[in-house]
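Data block below; observations after.
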Amino acid sequence: MAGNDHGDDHHHDDEHGLSGMALKVKALESLLIDKGYIDPAALDRLIEIYEKNIGPRNGASVVARAWRDPAFKAWLLADATAAIASMGFAGRQGEHMVALENTETVHNMVVCTLCSCYPWPVLGLPPVWYKSAPYRSRAVIDPRGVLAEFGVTLPKSTTVRLWDSTAEIRYLVIPLRPQNTEHLSDDRLAALVTRDSMIGTGLALSPDTAP
Amino acid sequence: MNGVHDMGGTAGFGPISPQSDEPVFHEHWERRVFALTLAMGAARKWNIDTSRHARETVPPVQYLSSSYYQLWFAGLRKLLSAAGLVGEDELASGTSLRPPTAVTPLKPEDVASVLARGTPYARPSSAPARFRLGEQVRARNIHVEGHTRLPRYVRGRRGEIVRVHGTFVFPDSNAHGRGEDPQWLYTVAFTAAELWGETDNAIVNLDLWEPYLEGA
């Protein structure tokens, strides 16, 4: 199989416009349905859940609540799995959660150098860059250079703490709460929490610049 | 294994190029590969460590030139074949040539609960932890031929235990049908100076199982 599963996707479109990969995947799905191993309606359901229900808005609501509610934040830092589950986010690729709090002196950033480990229940499926070689290779050796590519420059005195997700522990960064947000509701706060700020490659938005 | 998947600290891959407003999937076939992988995983003919190993043993040139879901597709074919669920001839022809193995397909009405349940990897401890919080340890300089989660860039390096997580399924064993063999799992903090010889004040934390560590 080696060498036959990639590389030719842009050269063999059939008359319906399906790429080489699309045809191969379709063939495998048909085979597995023939075998009785797969119910295609279950595939549709899986896709629907990860496209519509599970995504970074989940994590943003966790962070917003942690910003506003000190007791919840304390629980989140002590037992993230339980605190996050209490908001309805649990399960696959979030079975063992740890929350990391950014402060004025510590900035946390998460990577998976070996594959693509990512906290699905709170952030959804990872973006392409998170799973790709440039980020996986450089985050641990050049975190400030990587942050600069995301437009983030931290003071020299800030310690960058990288978390390489080598086991089944999944990490959620609690970004620094922006200034002048004391009056905001949970929903308005959550709108400031970007996906990248919960990975650690970004900062939370300022209420003055947020859309 | 010392494979190309073990990327920490390597160079030459270029800029990170994040895409703004990125969709969850870029192509329709990516949706199907993702869902096929999860649905077949629910049959429990393999585990997460087996599937990671299937992907990291894709030949290096192919690994590096594949997109993420191309790798998942290659991995899924290997897993299906290795588990005896389909033959290589069936994969090649796309046609079922033999009666199936008994597999109960994942039902659409069960998907949400299967995902919500997840697969916890913590296990009861049968022995006390060898290392304690704050202790100095060294990542062993070992080169496991099969699956391992000890990246090359920390081997031989000294770090500090900063979290003790309890005992967890040990991937080096679980990936190869040798059972779960639960082992203590720690977060070990390494300074950038220890890993890279730099004076940047960064700290790199990794989750490492006890057999990866020795006293320092």
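Protein sequence lines correspond, in order, to chains X and E. All you need for this note's numbering is the position in the first sequence, starting with 1, plus 168. All you need for this note's numbering is the position in the second sequence, starting with 1, plus 1138. Cβ atoms here follow ideal geometry from the backbone N, Cα and C, with glycine treated the same way. Predicted, not measured: the structure shown is a model, and the values here were computed from it.
Using a 10 angstroms sphere on the CB of E:R1190, the tally of other CB atoms reaches 16 or more, which defines it as buried.
Looking only at X:W331, X:A242, X:L371, X:A250, the smallest Cα-Cα distance to E:A1340 is reached by X:W331. No residue range can be given for E:H1285, since it is assigned to no beta strand (DSSP E) and is classified by DSSP as neither H nor E.
Sixteen is the threshold: since fewer than 16 other Cβ atoms of the shown chains lie within 10 Å of the Cβ of E:V1199, the residue is exposed.
If you check the CB distance, X:Q261 and X:Y298 do not come in under 8 Å. If the five residues before and after X:Y303 are omitted, its C-beta is found closer than 6 Å to the C-beta atoms of W297, all from its own chain and listed in chain order. Residues of the same chain with a CB within less than 6 Å of the CB of E:H1314, apart from the 5 flanking positions on each side, are G1284 in chain order. When CB distances to chain E are screened at a threshold of 8 Å, the residues of the stretch 195-209 of chain X falling below it are A195, L196, E197, S198, L199, L200, D202, K203, G204, Y205, I206, D207, A209, in chain order. Residue environment analysis places X:I367 among the buried positions, since at least 16 neighbouring C-beta atoms fall within 10 angstroms of its C-beta. Residue pairing for X:W297: DSSP places it in no beta bridge. For X:P343, the nearest beta carbon of chain E is not closer than 8 Å to its own beta carbon. Residue environment analysis places X:A239 among the exposed positions, since fewer than 16 neighbouring C-beta atoms fall within 10 angstroms of its C-beta. The beta carbon of E:T1286 sits closer than 6 Å to those of D1310, all from its chain and outside the five residues before and after it, given in chain order. Using beta-carbon distances, E:D1144 counts as an interface residue toward chain X, with a partner under 8 Å. Against chain E, a Cβ distance below 8 Å from X:K241 picks out nothing, because the smallest value is about 18 Å.
Its Cα nearest to that of X:F318, the residue X:D310 stands out among X:I252, X:D310, X:K324. Listed along chain E are V1162, each with a C-beta nearer than 9 Å to that of X:G292. The same chain holds no residue with a CB closer than 7 Å to that of X:A316 once the five nearest residues on each side in sequence are set aside.
Positions of the beta strand (DSSP E) runs, each at least 3 residues long and wholly inside the stretch 1257-1301 of chain E, are given as 1274-1277 in order along the chain. Two segments are said to touch when three or more pairs of C-beta atoms, one from each, lie closer than 8 Å; by this definition the stretch 1152-1166 of chain E does not touch the stretch 1178-1188 of chain E. Residue environment for X:K324: exposed (fewer than 16 other C-beta atoms within 10 angstroms of its C-beta). Under the three-state reduction of DSSP output, E:H1166 falls in the helix class. Interface annotation, E:F1211: in contact with chain X, CB-CB separation under 8 Å.
When the alpha-carbon of X:E336 is set against those of E:Q1274, E:R1276, E:G1256, E:D1338, the nearest one is in E:G1256.
E:P1289 and X:T369 do not touch by the CB rule: their CB atoms are close to 20 Å apart, not below 8 Å.
Straight across, the Cα-Cα distance linking X:S254 with X:D237 is about 14 Å. The stretch 1163-1180 of chain E makes contact with the stretch 183-201 of chain X; the number of CB pairs closer than 8 Å reaches 3 or more.
Below 8 Å, too few C-beta pairs join the stretch 1264-1278 of chain E and the stretch 1329-1343 of chain E to call them touching: fewer than three.
Relative to X:V314, the option among E:L1344, E:E1348, E:G1147 whose CA is nearest is E:G1147. Beta bridge pairing from DSSP links X:A210 with no other residue. Boundaries of the beta strand (DSSP E) harbouring X:Y339: 337-342, taken from the DSSP string.
The beta carbon of X:P208 lies closer than 8 Å to those of E197, I201 in the same chain, with the five residues before and after it left out. Annotation: E:Q1157 is outside any beta strand (DSSP E) and is labelled neither H nor E by DSSP.
Each of X:L291, X:V290, X:A251, X:L340 was checked against the Cα of X:M277, and the nearest Cα belongs to X:L340.
According to the DSSP assignment, E:Y1201 belongs to the alpha helix (DSSP H) that extends over 1198-1203.
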